[in-house]
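Below: one structure, written as structure tokens.
Number of protein chains: 2
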Amino acid sequence: MSKSFSVSSKIRGTYDVYFIDSLREHLTQLATQKNNIFLIDATVAQLFKNDIQQAVAGSRIVILHCNEENKTINYAQEIIRELIQQDVRKNDVLIAIGGGIAQDIVTFISSILFRGVNWKFYPTTLLAQCDSCIGSKSSINFDQFKNLLGTFNPPSEIFINSTFLNTLSESEIRSGIGEMLHYFFSDGIDLAQEVSDNFNQLLTDRSVLPYYIENSLRIKKAIIEIDEFDTSIRHIFNYGHTFGHAIEAITHYGIPHGQAISIGMDLANYISLSLNMITDAQFTQMHSILVKNIPAFKFEGSIIDQYLKALSKDKKNVGNKLGCILTRGPGRLEKVFIDMDEKLKTLILNYTEAYGY
Amino acid sequence: MSKSFSVSSKIRGTYDVYFIDSLREHLTQLATQKNNIFLIDATVAQLFKNDIQQAVAGSRIVILHCNEENKTINYAQEIIRELIQQDVRKNDVLIAIGGGIAQDIVTFISSILFRGVNWKFYPTTLLAQCDSCIGSKSSINFDQFKNLLGTFNPPSEIFINSTFLNTLSESEIRSGIGEMLHYFFSDGIDLAQEVSDNFNQLLTDRSVLPYYIENSLRIKKAIIEIDEFDTSIRHIFNYGHTFGHAIEAITHYGIPHGQAISIGMDLANYISLSLNMITDAQFTQMHSILVKNIPAFKFEGSIIDQYLKALSKDKKNVGNKLGCILTRGPGRLEKVFIDMDEKLKTLILNYTEAYGY
Chain A
1 MSKSFSVSSK IRGTYDVYFI DSLREHLTQL ATQKNNIFLI DATVAQLFKN DIQQAVAGSR
61 IVILHCNEEN KTINYAQEII RELIQQDVRK NDVLIAIGGG IAQDIVTFIS SILFRGVNWK
121 FYPTTLLAQC DSCIGSKSSI NFDQFKNLLG TFNPPSEIFI NSTFLNTLSE SEIRSGIGEM
181 LHYFFSDGID LAQEVSDNFN QLLTDRSVLP YYIENSLRIK KAIIEIDEFD TSIRHIFNYG
241 HTFGHAIEAI THYGIPHGQA ISIGMDLANY ISLSLNMITD AQFTQMHSIL VKNIPAFKFE
301 GSIIDQYLKA LSKDKKNVGN KLGCILTRGP GRLEKVFIDM DEKLKTLILN YTEAYGY
Chain B
1001 MSKSFSVSSK IRGTYDVYFI DSLREHLTQL ATQKNNIFLI DATVAQLFKN DIQQAVAGSR
1061 IVILHCNEEN KTINYAQEII RELIQQDVRK NDVLIAIGGG IAQDIVTFIS SILFRGVNWK
1121 FYPTTLLAQC DSCIGSKSSI NFDQFKNLLG TFNPPSEIFI NSTFLNTLSE SEIRSGIGEM
1181 LHYFFSDGID LAQEVSDNFN QLLTDRSVLP YYIENSLRIK KAIIEIDEFD TSIRHIFNYG
1241 HTFGHAIEAI THYGIPHGQA ISIGMDLANY ISLSLNMITD AQFTQMHSIL VKNIPAFKFE
1301 GSIIDQYLKA LSKDKKNVGN KLGCILTRGP GRLEKVFIDM DEKLKTLILN YTEAYGY
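Chains as they are written, first to last, in this note's numbering: chain A, 1 to 357; chain B, 1001 to 1357.
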């Protein structure tokens, strides 16, 4: 293992993130411990048949079918039933291999089975590697409500390996880049500018990604160690997300998460500019970085009203005020409540007129 | 409010236990806060119609049907659906009024809804008042497995009022007494002896109970503050429980919990005696106290084999060893692993021969 760092947690004391060199070797070693049960995303199991399945052959394995429809309590119960069939015990360790949805399901199961079991995690998407793998959260859908339920329960160990990134599409890489940019902008301008300067390389050369992943996690770590349960300062990481989530909702998740929050950050910056929180030059500098990761999208026709309606449902709102994170410049994010009125609508239409395409 | 004390928690910082004088007044006051939602056990709602329903009229109310069959994730999901219909928000507070099952259901919901919401608790049974209301645990049944799932999430405030005890049956009082005795024996002999000396008064005069409840909670508090997640020293509170649970299982819960653990403690003491961990005099002293709360029961015929099988399924076992809490005398409990063999069977049969009736 080349590098590692620890994250302190109120739930678990500390947990560790390792950047591992050889996936197969590492998994083979883990498979020698008989109290490990591997829960593997079906797609990942198929794509990395040689590395994974051979390494863990002989261990207890449960295959996870990770899609939004299975991010539910009912699917978690199905998996618990499979774990019981495999004679799961309280001192067993669940080893999750997959992306964010696998993480959500295994975090949730680990939180409730025997009132909590130990789990470890190999994140396989860029989004999971650069963001969700630390921070303790699970998000579970309930009826028509996305992410209404969840728990906090971090893995005891996280193993990051770039092999998994080889099979990701450009769209998935862009999604991860959007999430990383939101951490980088919370910290300053330098890392975001580096992403911009090397943008094409990030899309094509997986070997450069671990550097950005590590920086992204280190920025997140500093905040979640202070506010693990997301009641105060961790709110700054909603930067781009309030505006981005509503884009995802109205496009029925047609725009990948990290790209939607790239638009969300740009819009948050535009609103910050209108409130004189940043200068034209600051907006332009950040826009020149973000635009590389922003897909074609315009708030046109009936979309703007759907969008405002989606924003009005955000659970961080208070009354008719939209609770969102704006910026006073790179590294200076701030929670602001803004009126959801005609002025906001006009502002968003002006934004899309100027920068949408 | 006459008395209160705080319990420190890794999950919640601290939470408070209040002994309240007037239920109706207290509830009326709580009902003025519009972000409170009352989740009330159906039987309690019926029995205390005047005190409760009038006090909380105008508030959001969800009625809980508390039975073992509803101590499930599926019932929790039904209640979450009702809460959503009542427009539950993340900053709402769930106010549970009921016994241990209401507590299990509301603890579990509070743990997973919006990744955790605040809740408060009016325990209404002696068992819930003297024991389960502090300690953070929920226990949820899964398929045929009792208490396989659960979470840790204490209420932020607990309100103990003896009005609720007025409608309890003698059997329910005896169940609470058994649980209290197990705390008292973990602490020494004095409080257990007091219970014994005043046994008939405890059965008939509800006004004497708060004194014992408070002592029971104070003993529990000292241990759970050290080991909230039940990984070490809190194990001592399995005293009487390992042997008691197996009695409950084979009698299909025909013997109330606290009475089953009274037998369980007596049997644990008998085994301790056989291992020379206590003297004859110590056994006899403790037996003279416990016997007042022990119902007619004998390990006869096929029961002994069913019993050993039930013991063998205890999740605290390691291999063929039964993990249980024995005693070196009042206040000196100790975790011991004993062989589940013919010797144990003979010992239990000798116990039942000598002390069963």
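Here a beta-carbon is modelled for each residue, glycine too, at the ideal position from N, C-alpha and C.
State the DSSP-derived secondary structure class of residue i, mapped to helix, strand or coil.
i, result
"Lys1003/B", "strand"
"Glu78/A", "helix"
"Ile1189/B", "coil"
"Lys1120/B", "strand"
"Tyr357/A", "coil"
"Glu1069/B", "helix"
"Ile11/A", "coil"
"Tyr1253/B", "coil"
"Val195/A", "helix"
"Ala102/A", "helix"
"Arg1060/B", "strand"
"Cys130/A", "helix"
"Gly1323/B", "strand"
"Phe1038/B", "strand"
"Asn358/A", "Here chain A comprises residues numbered 1 to 357, so residue 358/A is not present and cannot be evaluated."
"Leu275/A", "coil"
"Ile112/A", "helix"
"Lys298/A", "coil"
"Ile1226/B", "coil"
"Val208/A", "helix"
"Val318/A", "strand"
"Phe48/A", "coil"
"Asp1339/B", "strand"
"Lys1313/B", "coil"
Could you round the C-beta distance between residue i and residue j to whole angstroms and report it? I think they count as a contact, below 8 Å.
i, j, result
"Ile1052/B", "Ile1097/B", "7 Å"
"Leu375/A", "Ile271/A", "Residue 375/A falls outside the range modelled here, since chain A spans only 1 to 357, and no answer is possible."
"Leu273/A", "Asp280/A", "7 Å"
"Ile158/A", "Phe121/A", "5 Å"
"Asp1092/B", "Val1117/B", "6 Å"
"Ile1134/B", "Val1007/B", "5 Å"
"Ser136/A", "Glu228/A", "6 Å"
"Leu1094/B", "Ser1110/B", "6 Å"
"Leu358/A", "Phe1005/B", "Since the first residue shown for chain A is 1 and the last is 357, residue 358/A is missing from the structure and cannot be characterised."
"Gly150/A", "Thr125/A", "At roughly 19 Å, the Cβ-Cβ gap does not stay under 8 Å, so Gly150/A and Thr125/A are not in contact."
"Lys313/A", "Gly323/A", "Incorrect: roughly 12 Å between the Cβ atoms, too far for contact."
Does the beta-carbon of residue i have 16 or more other beta-carbons within 10 angstroms, so that it is buried, or is it exposed?
i, result
"Thr1352/B", "buried"
"Ser1175/B", "buried"
"Asp205/A", "exposed"
"Arg1081/B", "exposed"
"Ser288/A", "exposed"
"Gly319/A", "exposed"
"Ala102/A", "buried"
"Ser1171/B", "exposed"
"Thr14/A", "exposed"
"Phe38/A", "buried"
"Ala1222/B", "exposed"
"His1182/B", "buried"
"Ile1226/B", "exposed"
Going by DSSP, what residues sit across from residue i in a beta bridge?
i, result
"Leu23/A", "Beta-bridge pairing links Leu23/A to no other residue."
"Leu1333/B", "Thr1327/B"
"Val1017/B", "Phe1005/B, Ile1158/B"
"Ile1097/B", "Ile1040/B, Tyr1122/B"
"Phe1142/B", "Phe1145/B"
"Phe1184/B", "In DSSP, Phe1184/B forms no bridge with anything."
"Lys90/A", "According to DSSP, which records beta bridges pairwise, Lys90/A is partnered with nothing at all."
Please tell me whether, using a cut-off of 7 Å, the distance from the CB of residue i to the nearest non-hydrogen atom of the ligand NAD is below it.
i, result
"Asp21/A", "As far as ligands go, the structure on display features none, and thus does not contain the ligand NAD."
Residue i versus chain D: which residues are under 7 Å apart at the beta carbon?
i, result
"Lys90/A", "Absent from the structure is chain D; the protein chains it does hold are A and B."
Chain-ordered residues of the segment 98 to 116 of chain A with a beta carbon less than 9 Å from chain B: For the segment 98 to 116 of chain A, which is checked against every Cβ of chain B, the residues closer than 9 Å are Phe108, Ser111, Ile112, Leu113, Phe114, Arg115, Gly116.
When Cβ atoms are compared, which residues of the segment 140 to 151 of chain A fall closer than 8 Å to chain B? Per Cβ criterion, the list reads Ile140, Phe142, Asp143, Phe145, Leu148, Leu149, Gly150, Thr151.
What residues from the segment 1073 to 1086 of chain B come within 9 Å of chain A, judged by C-beta to C-beta, listed N to C? Along the segment 1073 to 1086 of chain B, going in chain order, the ones with a CB nearer than 9 Å to a CB of chain A are Ile1073, Asn1074, Ala1076, Gln1077, Ile1080, Arg1081, Ile1084.
Residues, ordered as in the chain, of the segment 37 to 51 of chain A that lie near chain B by beta-carbon distance below 9 Å: Taking 9 Å as the Cβ-Cβ cut-off against chain B, none of the residues of the segment 37 to 51 of chain A qualify.
What residues in the segment 1014 to 1038 of chain B have a beta carbon less than 9 Å from any beta carbon of chain A? Within the segment 1014 to 1038 of chain B, no residue qualifies.
So if I threshold CB-CB distances at 7 Å, which residues from the segment 1292 to 1320 of chain B count as touching chain A? Cβ contacts with chain A: Lys1315.
Just by C-beta distance, which residues in the segment 209 to 229 of chain A are closer than 9 Å to chain B? Hits within the stretch, in order: Phe229.
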